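Novice: Protein chains in written order, with our numbering: chain L, -19 to 243; chain S, 960 to 1223; chain G, 8 to 333.
Every residue gets a Cβ at the ideal spot worked out from N, C-alpha and C, and that includes glycine.
All of these numbers come straight from a predicted model, not from anything done at the bench.
Encoded as structure tokens, here's the structure I'll be asking about.
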Amino acid sequence: MRKYLYIFKSNLMTNLQYIGNITIGFITYFVVIFIFANLWKYIYSDQSKLINGYSMEQMIWYVILTEILWYATSGRKLCNKISDDVKSGNIAYNLNKPYNYIGYALFSHMGEAILRGFLYTIAGVVIGLFLLGPIENFDLIALPFIILSSILATVINVILVICIGLTSFWVEDSGPFYWIYSKLILVFGTMFPIEYFKGIIEVILKYSPVYVTTYGPAKLLVDFSYQSVINIFLAQLIYLFIAVLISLLIYRKGVRQINVNGG
Amino acid sequence: MLMVVKNQIRCTLLALKYGIMKEMLNRTSFISNVLFMILNNASMLIQWLVLYSLKDNIGGYSFKEVMLLWGLAASTYGVSRAFFASAFKLSDTINKGKLDAFLVQPKSVLLNAITTHVSSSAFGDIIFGFAMVFFYGFSLRVFLLFFLFTVTGGLILVSIAIILGSLAFFLENSEIISDNGNNLMVHFATYPDGIFKGVTKILLFTLVPVGLANYLPIQAIIEFNITKIVFVLLVTSFIVFLANLVFKIGLKKYASTNLMSARV
Amino acid sequence: MNVIEVKNLSKTFKVKIKEKGLKGSLKSIFKQKYKTIDAVKDISFEVEKGEIIAFIGPNGAGKSTTIKMLTGILYADEGSIEVLKINPTKERKRLAYEIGTVFGQKEQLWMHLTPYDNFKFFSAIYDIPEQVAEKRIEKLKILFELNDFIDTPVRNLSLGQRIRCEIVASLIHEPKVLFLDEPTIGLDPVVKENIRTLIKRMNKELKTTIFLTSHDVGDIEKLCKRVIIINHGRIVLDDSMENLKYHYLNKKIIEVKMKEKVNLDDEEGITILKDKGYNLKIEVDTQYKNVADVIKLLDPDKIIDINISNIPLENIISAIYKNEDK
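Structure representation (structure tokens):
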């Protein structure tokens, strides 16, 4: 485990040099949040009203956190990197190294994601307080749960993206798969809480990655309850277990592919 | 004079043809780029479906009208990126001294510099945009106006890109400013102007002229308002003129500059 | 007839000075400090029609700046330039029809297109009618031996083939003057030689005046009749190749392998460069002693091997540079 922490740390340190570049991305983030805030202010013309159980402030804070998770993960970059590793044969060099490739990819990317997440959180809190003021009934006790569940959400997200990247063992371009996945997260996961979708879609979303990668942490932020904590952490742990299992399986199958083709 | 214009057009069209030929080299990736961009835009339908299930009217727009707005945002974006993709890389062209190659040619430096690259996925944006005309309700009038405003909006986006890109003549690291500026135009373009108020609204019709590229044209189509149509045409000509002027001033500075760092 | 006339041309550059450390970085945000350097300082020269002239100097000497001013890319601070009686600053576009440019380090060609398509594009740039363009492409294709790859996308060509295409592309409008900025940079010796032969042939057949910058001495030795050497923005030497050789090539290098040791100390006009007993390397100043006398001094019977050569032009030029620096 120590070596993975070391991988994590060195990647974090490397990315510290690029803090400038990361902060420039804030501009886009601010604009997105600003537009959403305007949109929800318009839709909640009666601001004391609840829609699908959420107040206007809750809706905007929800987007603030889901967008942080989105920018922190920067999945496209990761997917491209994994694809490149597979296609360039780089992955073969990792075979005889004393670590697991999945673990390596996960921890090195997390080094970057945690840093980005941290910086974006500062930006998010600033713009949130500026636009809305503090969240109503926010209890500091919720904080550790939100942070932990955000980290779990990112870990699961990263592993799933690694799985998608690894499909490059078999397909020419994993881009379309990533595209579908990212659209699922973006359209169903960042803008609206799951309760906004009705009928069968709501049911499906509750079992989809959306629930554990974006909805979960954001729900804990805007509507904390111990019941949600139990539900969300349980779901995240199950997802984590399955995601790790699937990634290892895909990796093992894929590597066999290399051996068959002789690299 | 007429001959000069004709020759310039011949050149520019040839450059675009070659740009398209390059993108077509790999036909599968060209088609998949186009298709995915159409799907990409279409996925936003879901967001609007949800929003309009809450309210029939958002920022003064009905669902169909918002889709038309979204369509115009896509088609103007598409036109600007499909044919003038290199306008959005202008600061890089300037910083790396790549303008020199165009300066020794007897043609418009600006036009040559912004037509060196064609983006295939942007064609998907154009197709999606025009599909929204049918979603809104096809009539020849709507279609022709939409076409007209796709051109004017595209020209405005390209002009903004030129002005932002020309900052490289005067500032260091202007690339960040220009990237963010161009992004701003895109982010605002897909949301109805009615949700913005006060200073933001003023900004959207001046400094970040999304209003002139998208909002006003949509109003003009919906209301069939001749004054607004003429106004859009005039404003577009002005912005194009302004972009030309800024680039010209910048180019003059480039040629007489004595700043070494800009040339290395 | 003079094709290029340059009088008292000057251009200064400002260079940013950055102070060290974080404090310096912060300071520079608010107030930039500049240092002015003379890129080109008061240079004058003329180039005649049909000439191949070499414009040489070390990196940063002002070669590119001069070429940029001659082609209208940069404006001069002071002095006057006329290329084909046209002022490049005032009539850049009109001049563009009359001149061709090849920048060895910057590609002007579309990489994914074939040379043929590229030539068609440049024909359009210079308003050349279709049929005329076809004829010229055919002619240049033969002159530059492009037949084997005229239909291969440029990105699949070797560097040497690419440069040949770059040159042809810049000749499509039959310019009266061709500016070649480092045309052989990065090429291997065989390809360099080939490019030089082609340039020479082109100059002969098309009578194009060629203005060449390079820091490859081989280019100059093989191609040019006249050389302008520039250093620190000033012209150090403007002379014919022959004169340059005559004045600076009055020295010969002799390397010999002897059967016995010889003593050449204190002989006038001889400098010993290397002495390893039986192996000698000496420099002979032919104004004082001719080569035959030296060989007599050595005793021809005892020579196992001998090699007589000129001082490489490279050394001459660097000697001139060094003199200037002092």
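Could one say the Cβ of Phe172 of chain L lies closer than 7 angstroms to chain S's Cβ atoms, at least one of them?
Specialist: Cβ-Cβ to chain S under 7 angstroms: yes for Phe172 of chain L.
Novice: Name, going along the chain, the residues of the segment 1136 to 1152 of chain S whose beta-carbon falls closer than 8 angstroms to a beta-carbon of chain L.
Specialist: Per Cβ criterion, the list reads Asn1139, Asn1142, Leu1143, His1146, Phe1147 and Tyr1150.
Novice: Given a cut-off of 7 angstroms on the beta-carbon distance, is the pair Ile318 of chain G and Val243 of chain G in contact?
Specialist: In this structure, Val243 of chain G does not lie closer than 7 angstroms to Ile318 of chain G by Cβ.
Novice: Which chain S residues sit within Cβ distance under 7 angstroms of Ile31 of chain L?
Specialist: What Ile31 of chain L touches in chain S: Leu1013.
Novice: Along the chain, which unbroken stretches of the alpha helix (DSSP H) at least 4 residues long are found entirely within the segment 1154 to 1220 of chain S?
Specialist: Segments of the alpha helix (DSSP H) lying fully in the segment 1154 to 1220 of chain S: 1157 to 1163, 1175 to 1182 and 1185 to 1215.
Novice: In whole angstroms, give me the CA-to-CA distance for Ala1033 of chain S and Met1003 of chain S.
Specialist: Roughly 11 angstroms separates the two Cα atoms.
Novice: Since Thr194 of chain L and Thr46 of chain L should fall inside the 8 angstroms C-beta cutoff, what is the C-beta to C-beta distance between them, to a whole number of angstroms?
Specialist: Indeed they touch by this definition, with Cβ atoms about 5 angstroms apart.
Novice: Going along chain G in order, which residues have a C-beta closer than 7 angstroms to the C-beta of Ser1133 of chain S?
Specialist: By Cβ distance, chain G contributes nothing, its closest Cβ being about 15 angstroms from Ser1133 of chain S, past 7 angstroms.
Novice: How many whole angstroms separate the CB atoms of Ile1121 of chain S and Ala1202 of chain S, which I take to be in contact at a CB cut-off of 8 angstroms?
Specialist: Right, their Cβ atoms sit about 4 angstroms apart.
Novice: For Phe6 of chain L and chain S, any beta-carbon pair shorter than 7 angstroms?
Specialist: Taking Cβ atoms only, chain S never reaches closer than 7 angstroms to Phe6 of chain L, which makes this a no.
Novice: Between which two residues does the beta strand (DSSP E) holding Val263 of chain G run?
Specialist: Counting along the chain, the beta strand (DSSP E) containing Val263 of chain G begins and ends at Lys258 to Met265.
Novice: Hey, does Gln1064 of chain S have any beta-carbon neighbour from chain G nearer than 7 angstroms?
Specialist: So yes, Gln1064 of chain S belongs to the interface.
Novice: Starting from Phe218 of chain G, follow its DSSP beta bridges and name the residues at the other end.
Specialist: Paired residue(s): G:Ile60 and G:Phe186.
Novice: On a CA-only basis, which of S:Leu1130, S:Ser991, S:Pro1168 and S:Gly1112 is nearest Arg1040 of chain S? Give me that one, please.
Specialist: Ranking the options by Cα distance to Arg1040 of chain S, first place goes to S:Gly1112.
Novice: Tell me the start and end of each unbroken alpha helix (DSSP H) in the segment 103 to 147 of chain G that is at least 4 residues and wholly inside, in chain order.
Specialist: You should have 122 to 132.
Novice: Provide the residue(s) that pair with Ile310 of chain G in DSSP beta bridges, ordered along the chain.
Specialist: BP columns for Ile310 of chain G point to G:Met265.
Novice: What are the residues in the segment 56 to 90 of chain L lying within 8 angstroms of chain S by C-beta distance?
Specialist: So the list is empty, because no residue satisfies the distance condition.
Novice: Who are the Cβ neighbours of Leu220 of chain L in its own chain at under 7 angstroms, not counting the five residues just before and after it?
Specialist: Contacts found: Leu132, Val135 and Ile136.
Novice: Run through chain G and tell me which residues come within less than 7 angstroms of Asn992 of chain S, C-beta to C-beta.
Specialist: Correct list: empty, because the minimum Cβ distance to chain G is about 16 angstroms.
Novice: Distance cutoff 7 angstroms, beta carbons only. Does Val1009 of chain S sit that close to anything in chain L?
Specialist: Yes, Val1009 of chain S lies at the interface with chain L (some Cβ there is under 7 angstroms from its Cβ).
Novice: Quick one: give me the first and last residue of the alpha helix (DSSP H) that Asn32 of chain L is part of.
Specialist: Per DSSP, Asn32 of chain L belongs to no alpha helix (DSSP H) and is neither H nor E.
Novice: Relative to the C-alpha of Ile82 of chain L, which residue among L:Ile127, L:Gly0, L:Gly104 and L:Ile(-13) is closest?
Specialist: Considering only alpha carbons, the answer is L:Ile(-13).
Novice: State the CB to CB distance for the pair Val13 of chain G and Gly240 of chain G, rounded to an integer number of angstroms; the pair is presumed to be in contact (CB under 8 angstroms).
Specialist: About 13 angstroms; that fails the 8 angstroms criterion.
Novice: Please classify Arg1222 of chain S: does DSSP put it in a helix, a strand, or coil?
Specialist: Unreliable positioning characterises Arg1222 of chain S in this predicted model, as indicated by a pLDDT of 40, which lies under 50. A coordinate reading is not provided.
Novice: Which residue or residues does DSSP assign as beta-bridge partners of Arg233 of chain G?
Specialist: Paired residues: G:Ile60 and G:Ser247.
Novice: Grab me the residues of Asp300 of chain G's own chain with a C-beta within less than 6 angstroms of its C-beta, minus the 5 sequence neighbours each way, in chain order.
Specialist: No residues qualify anywhere along the chain.
Novice: So, does the segment 229 to 237 of chain L touch the segment 110 to 122 of chain G, judging by three or more C-beta pairs under 8 angstroms?
Specialist: As far as the Cβ criterion goes, the segment 229 to 237 of chain L does not touch the segment 110 to 122 of chain G, which means the pair count is below three.
Novice: Between the Cα of Val1077 of chain S and those of S:Val1194, S:Val1038 and S:Lys1212, spot the shortest distance and give me the residue it belongs to.
Specialist: Residue S:Val1038 is the option with its Cα nearest to Val1077 of chain S.
Novice: Compute the distance between the beta-carbons of Asn286 of chain G and Lys264 of chain G, then report whether it is under 7 angstroms.
Specialist: Their beta carbons are under 7 angstroms apart, which means Asn286 of chain G touches Lys264 of chain G by this criterion.
Novice: Can you name, in chain order, every residue of its own chain whose Cβ lies under 8 angstroms from the Cβ of Tyr295 of chain G, other than the five neighbours on each side?
Specialist: Hits under 8 angstroms: Glu275 and Gly276.
Novice: How would you call Val183 of chain L, buried or exposed, if buried means at least 16 neighbouring beta carbons within 10 angstroms?
Specialist: Answer is exposed; the Cβ neighbour count stays below 16.
Novice: Any idea what DSSP makes of Leu16 of chain G, helix, strand or coil?
Specialist: Correct three-state label for Leu16 of chain G: strand.
Novice: So, are the CB atoms of Leu1143 of chain S and Ser1133 of chain S less than 7 angstroms apart?
Specialist: Contact flag unset, no.
Novice: Using DSSP with H/G/I as helix, E/B as strand and the rest coil, what is Gly225 of chain G?
Specialist: Three-state result, Gly225 of chain G: helix.
Novice: What three-state label does DSSP hand Val963 of chain S in the structure shown?
Specialist: In the structure shown, Val963 of chain S sits in a helix (DSSP, three-state: H, G or I).
Novice: Can you name, in chain order, every residue of its own chain whose Cβ lies under 8 angstroms from the Cβ of Phe1129 of chain S, other than the five neighbours on each side?
Specialist: Result list for Phe1129 of chain S: Gly1209 and Lys1212, in chain order.
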